[in-house]
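Report on the structure given below.
2 protein chains.
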Amino acid sequence: MTAKLLLAAALLAAPALAQEAEKPAAPSPNEIVAAAPASEWVAIAPDDLLVMDLAPDRDGKARRVVIQFMPPPFSHPWVANIRTLAKAHWWDGLAIGRAQDNYVVQWGDPDAEDAAKAKTLPKGLQVTSENRYVAKIEEDVLRYSKFRDSYAQFSIMRDGWPVAVEWPSSHSMAYDAWPVHCYGSVGVGRNMPPDAGTGAELYTVIGHAPRHLDRNIAVVGRVIEGIEHLSTLPRGTGPLGFYETPEERVPIAAIRLGSEVADLPAFQYLSTDGEAFARYADARANRRDPFFIVPAGGADVCNIPVPVRRAPIE
Amino acid sequence: MTAKLLLAAALLAAPALAQEAEKPAAPSPNEIVAAAPASEWVAIAPDDLLVMDLAPDRDGKARRVVIQFMPPPFSHPWVANIRTLAKAHWWDGLAIGRAQDNYVVQWGDPDAEDAAKAKTLPKGLQVTSENRYVAKIEEDVLRYSKFRDSYAQFSIMRDGWPVAVEWPSSHSMAYDAWPVHCYGSVGVGRNMPPDAGTGAELYTVIGHAPRHLDRNIAVVGRVIEGIEHLSTLPRGTGPLGFYETPEERVPIAAIRLGSEVADLPAFQYLSTDGEAFARYADARANRRDPFFIVPAGGADVCNIPVPVRRAPIE
Chain Y
1 MTAKLLLAAA LLAAPALAQE AEKPAAPSPN EIVAAAPASE WVAIAPDDLL
51 VMDLAPDRDG KARRVVIQFM PPPFSHPWVA NIRTLAKAHW WDGLAIGRAQ
101 DNYVVQWGDP DAEDAAKAKT LPKGLQVTSE NRYVAKIEED VLRYSKFRDS
151 YAQFSIMRDG WPVAVEWPSS HSMAYDAWPV HCYGSVGVGR NMPPDAGTGA
201 ELYTVIGHAP RHLDRNIAVV GRVIEGIEHL STLPRGTGPL GFYETPEERV
251 PIAAIRLGSE VADLPAFQYL STDGEAFARY ADARANRRDP FFIVPAGGAD
301 VCNIPVPVRR APIE
Chain H
1 MTAKLLLAAA LLAAPALAQE AEKPAAPSPN EIVAAAPASE WVAIAPDDLL
51 VMDLAPDRDG KARRVVIQFM PPPFSHPWVA NIRTLAKAHW WDGLAIGRAQ
101 DNYVVQWGDP DAEDAAKAKT LPKGLQVTSE NRYVAKIEED VLRYSKFRDS
151 YAQFSIMRDG WPVAVEWPSS HSMAYDAWPV HCYGSVGVGR NMPPDAGTGA
201 ELYTVIGHAP RHLDRNIAVV GRVIEGIEHL STLPRGTGPL GFYETPEERV
251 PIAAIRLGSE VADLPAFQYL STDGEAFARY ADARANRRDP FFIVPAGGAD
301 VCNIPVPVRR APIE
């Protein structure tokens with residue numbers, strides 16, 4: 001039995017579809033996104049981007065990773081600290097020190113634990129506290145797209161971001177809400193509680209969403225382009241995937257705010273309040289496009305990645 | 001502010017713990033697994049393993065991936081077909097043709113779609129049908145560890161495997177049950193329905209669990225060792241992450257059943273019916289070890305990977 005061209009298979013399937021000639025094939029989630037009107041895409045300000053340029057790979061190719069910051073009310077003052085560090089060019093010359101399969105890639109100052117060698121942090125870093133991992137929101141969360149969740153009462157898509165929600169008590173007028181760790185989320189490394197990290201040590205998720213980290217670590221953003229430069233890195237052989245030798249670490253050439261990067265493309269995300277996103281999320285949860293047989297009837301919020309794209313050239 | 005050695009931070013935390021001198025620090029999930037008694041580890045028969053040796057990497061290092069087969073009643077006759085293909089050494093000289101970030105790495109015959117070049121399949125392959133994606137099980141599923149799930153009524157750990165469950169109707173005496181796609185799951189590539197694939201084209205998950213594929217594709221096993229050889233592969237630049245040139249494909253030297261591999265280590269999985277697994281799963285869902293502040297109160301089944309290890313040398 002030889003496998004057929006995907007196109008040929010689609011044509012072979014066509015006679016069955018012809019019987020329902022009135023009903024076109026259901027669009028895939030990506031097709032819905034591709035057809036979304038321009039008005040439903042939201043511009044991301046360059047100042048809300050963090051751009052990491054790694055040393056070129058062993059074939060000399062450039063490696064740029066672009067990160068979008070989490071907006072208020074979440075994860076401040078860590079985002080503020082990261083802006084301070086980026087403006088100070090603090091990460092230049094530091095490195096990626098850890099790559100753990102199905103977990104995280106982490107970067108910062110590999111000598112942070114050595115008082116003699118640790119790189120001096122810039123002035124002006126704000127104090128952080130674990131009390132800030134969870135925010136209070138008072139709006140009617142039920143107006144947002146809502147998803148069944150194994151880790152919270154439910155999760156929502158709020159202003160372009162996956163957020164978990166809990167109604168803390170019958171007397172409270174506000175929801176507890178916190179950012180969700182998904183593939184590509186960027187979080188703040190820290191030591192044991194009550195240390196909450198400054199933002200100098202960062203990581204991104206390269207495996208199944210580690211939701212047990214929610215409410216235990218600050219999520220400050222997500223990778224929107226170039227995550228493959230991190231997810232394909234050789235895994236560290238030390239404990240927790242740390243590289244055992246300095247030679248294995250991946251040098252960071254520079255980390256800058258997007259507003260300080262010449263010729264940075266413009267990026268947009270698909271508004272999670274719009275009609276196209278609602279149809280996209282429904283299609284992610286209920287795949288009716290021709291490849292599928294059984295729509296799941298639901299999805300976890302991390303299986304509905306918020307579409308982000310380079311803004312089309314006008 | 002310099003970051004402290006993790007050990008030093010743990011010592012700094014010790015004074016707080018000393019106030020509760022009667023209560024030792026809660027163990028981490030990995031600590032629970034490491035302390036599990038030998039009797040709770042189940043031997044995996046070599047005949048239930050599929051061993052894939054890729055061409056050495058560009059530094060000449062060997063790359064072996066070990067896969068454990070899904071047991072009955074799931075995913076037969078695909079597992080039977082894979083045994084037939086492995087015994088025929090059919091994959092030798094074929095290749096990995098696709099690596100899509102946050103999704104899958106896929107391998108098989110890159111020329112499968114070209115009738116002139118496609119490699120002849122061995123005789124004896126069983127007919128497959130999409131009706132077999134879901135099995136019926138009649139035992140009392142409520143005796144298994146049970147997990148809240150965004151894609152099914154609930155999921156369970158059954159005989160060492162994550163399985164989603166639905167009670168089909170009030171008249172039925174059996175549950176619908178199907179294997180769950182998690183990171184490292186191995187599934188069977190196919191064309192458009194009703195094609196269900198033979199098992200000649202396989203993939204493994206290298207990102208967030210694509211649960212929308214459940215009940216739509218046969219899950220035949222999981223990678224138990226060596227997944228980093230797949231998850232670190234350069235991503236394909238063609239549609240769906242297919243490599244655009246033959247030179248990018250990763251050659252497969254050989255795929256064999258474990259029973260045909262000389263000097264293969266013995267492997268074991270932690271019984272999901274035992275006390276250690278129950279404590280491990282509880283710890284995964286409720287992190288109380290010192291790094292954590294807020295136990296989640298739940299977990300999705302893919303965030304509780306079944307521990308698998310090389311059998312200790314007696």
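Chains as they are written, first to last, in full-length UniProt numbering: chain Y, 1 to 314; chain H, 1 to 314. Just so you know, even glycine gets a beta-carbon here, dropped at the ideal spot from N, CA and C. Since the structure is predicted, the reported quantities are computational estimates derived from the model, not experimental observations.
Among the candidates Leu94/Y, Thr120/Y, Ala218/Y, Ile32/Y, whose CA atom is the shortest distance from the CA of Ile293/H? Ranking Leu94/Y, Thr120/Y, Ala218/Y, Ile32/Y by Cα distance to Ile293/H puts Ala218/Y first.
Taking C-alpha atoms, which residue in Leu125/H, Ser170/H, Arg63/H, Pro37/H lies nearest to Ala196/H? When each option's Cα is compared against that of Ala196/H, the closest is Leu125/H.
CB of Leu83/H within 9 Å of CB of Gly241/H, strictly: Before going further, note that residue 83/H is Arg rather than Leu in the sequence given. Not in contact: Arg83/H and Gly241/H (Cβ atoms no closer than 9 Å).
Outcome for Ala8/H when other beta-carbon atoms lying within 10 angstroms are tallied against a minimum of 16: Residue confidence for Ala8/H is low, a pLDDT of 37 falling below 50, so the modelled location carries little weight and cannot support an answer.
Helix or strand or just coil, what does DSSP make of Phe277/Y? Three-state result, Phe277/Y: helix.
Ala200/H vs Pro179/H beta-carbon contact at 9 Å: Ala200/H places its beta carbon 9 Å or farther from that of Pro179/H.
Rounded C-beta distance between Asn102/Y and Tyr183/H? I'm assuming under 8 Å. Right, their Cβ atoms sit about 5 Å apart.
Can you tell which of Val42/H, Asp47/H, Val104/H, Ala95/H has its C-alpha closest to the C-alpha of Ile227/H? Comparing Cα-Cα distances from Ile227/H to each of Val42/H, Asp47/H, Val104/H, Ala95/H, the minimum goes to Val104/H.
For Ala152/H, the first and last residue of its enclosing alpha helix (DSSP H): Looking at the DSSP string, Ala152/H is not in any alpha helix (DSSP H), and its letter there is neither H nor E.
State yes or no: is the C-beta of Gln268/H within less than 9 Å of the C-beta of Ala118/H? Against a cut-off of 9 Å, the Cβ pair of Ala118/H and Gln268/H comes out as no contact.
So which residues of chain Y does residue 315/H contact, with C-beta pairs closer than 9 Å? Any property of residue 315/H remains undetermined from this structure, which presents chain H solely from 1 to 314.
Cβ shell of Ala281/Y (< 6 Å), same chain only, five flanking positions each side left out: Around Ala281/Y: Ser145, Ile304.
Name the chain Y residues that come within less than 9 Å of Asp214/H, Cβ to Cβ? The answer, in chain order, is Val294, Ala296.
Give me the DSSP bridge partner(s) of Phe267/Y. DSSP output for Phe267/Y lists Ile44/Y, Arg310/Y as bridge partner(s).
List, in chain order, every chain H residue whose beta-carbon is nearer than 8 Å to that of Tyr151/Y. Identification of chain H residues near Tyr151/Y by a Cβ-Cβ cut-off of 8 Å yields Ala296, Gly297, Gly298, Ala299, Asp300, ordered along the chain.
Chain-ordered neighbours of Pro234/H on chain Y, where CB pairs are closer than 9 Å: What Pro234/H touches in chain Y: Glu228, Thr232.
Closest residue to Arg58/H among Pro234/Y, Gly108/Y, Pro168/Y, Pro56/Y (Cα-Cα distance): Per the C-alpha coordinates, the member of Pro234/Y, Gly108/Y, Pro168/Y, Pro56/Y positioned closest to Arg58/H is Pro234/Y.
What are the complete alpha helix (DSSP H) segments, minimum 4 residues, inside the stretch 24-103 of chain H? 29-34, 78-87, all fully within the stretch 24-103 of chain H.
Mark Pro56/Y as exposed unless 16 or more other C-beta atoms lie within 10 angstroms of its C-beta, in which case mark it buried. By the neighbour-count rule (16 or more Cβ atoms within 10 Å), Pro56/Y is not buried but exposed.
Starting from the beta carbon of His208/Y, find every residue of chain H whose beta carbon is closer than 8 Å, and list them in chain order. Under the 8 Å cutoff, chain H gives Cys182, Tyr183, Gly207, His208, Ala209, Cys302, Asn303.
Give the interface partners of Phe277/Y over in chain H, defined as CB-CB distance under 7 Å, in chain order. Within 7 Å Cβ-Cβ: nothing; Phe277/Y doesn't reach chain H, min ~17 Å.
If contact means a Cβ-Cβ distance below 9 Å, which residues of the stretch 84-106 of chain H contact chain Y? Listed in sequence order: Ala99, Asp101, Asn102.
Can you give the beta carbon distance from Ala253/Y to Asp53/Y, rounded, assuming they're within the 8 Å contact cut? So it is a contact: roughly 5 Å between Cβ atoms.
Comparing alpha-carbon positions, which option in Arg158/H, Arg310/H, Lys136/H lies nearest Leu142/H? Of Arg158/H, Arg310/H, Lys136/H, the residue nearest in Cα terms is Arg158/H.
Can you grab the Cα-Cα spacing for the pair Gly204/H / Arg284/Y, in whole Å? The displayed chain sequence assigns Thr, not Gly, to residue 204/H. Whole-angstrom Cα-Cα distance: 20 Å.
Starting from Glu248/H, find everything on chain Y with Cβ-Cβ shorter than 7 Å and list it in chain order. In chain order: nothing, as chain Y lies at least about 12 Å away.
So, is His171/Y buried or exposed, given that buried needs 16 or more other C-beta atoms within 10 angstroms? The residue in question, His171/Y, is exposed, as its Cβ has fewer than 16 Cβ neighbours within 10 Å.
Where in the stretch 222-247 of chain Y do unbroken runs of the alpha helix (DSSP H), each at least 4 residues long, occur, reported from the N-terminal end onward? Runs found: 228-231.
For Ala9/H, name the three-state secondary structure that DSSP assigns. Model confidence at Ala9/H stands at a pLDDT of 38, short of 50, so the residue's coordinates are unreliable; what they give is reported in the following sentence. Helix at Ala9/H.
Supposed close pair Ile96/H, Gly221/H - CB separation, criterion 8 Å: Here Ile96/H is actually not in contact with Gly221/H; their C-beta atoms are around 17 Å apart, not less than 8 Å.
Any contact of the stretch 31-49 of chain Y with the stretch 262-279 of chain Y, i.e. 3+ C-beta pairs under 8 Å? Verdict: yes, contact present.
What residues of chain Y sit near Glu130/H, judged by a beta carbon separation below 8 Å? Result: Ile293.
If you drop the 5 nearest sequence neighbours on each side, which residues of the same chain put their C-beta closer than 6 Å to that of Glu113/H? Same-chain partners within the cutoff: there are none.
Run the CB neighbour count on Ala299/Y, radius 10 Å, all protein chains shown included, and call it buried at 16 or more, exposed below. Buried, by the Cβ-count rule.
Within 10 angstroms of the Cβ of Gly297/H, are there 16 or more other Cβ atoms? Answer buried if so, exposed if not. A residue is called buried once 16 or more other Cβ atoms fall within 10 Å of its Cβ, and Gly297/H, having fewer, is exposed.
Mind listing the chain Y neighbours of Arg63/H? Cutoff is C-beta to C-beta under 8 Å, in chain order. Within chain Y, no residue comes near Arg63/H; the closest Cβ sits about 12 Å away, beyond 8 Å.
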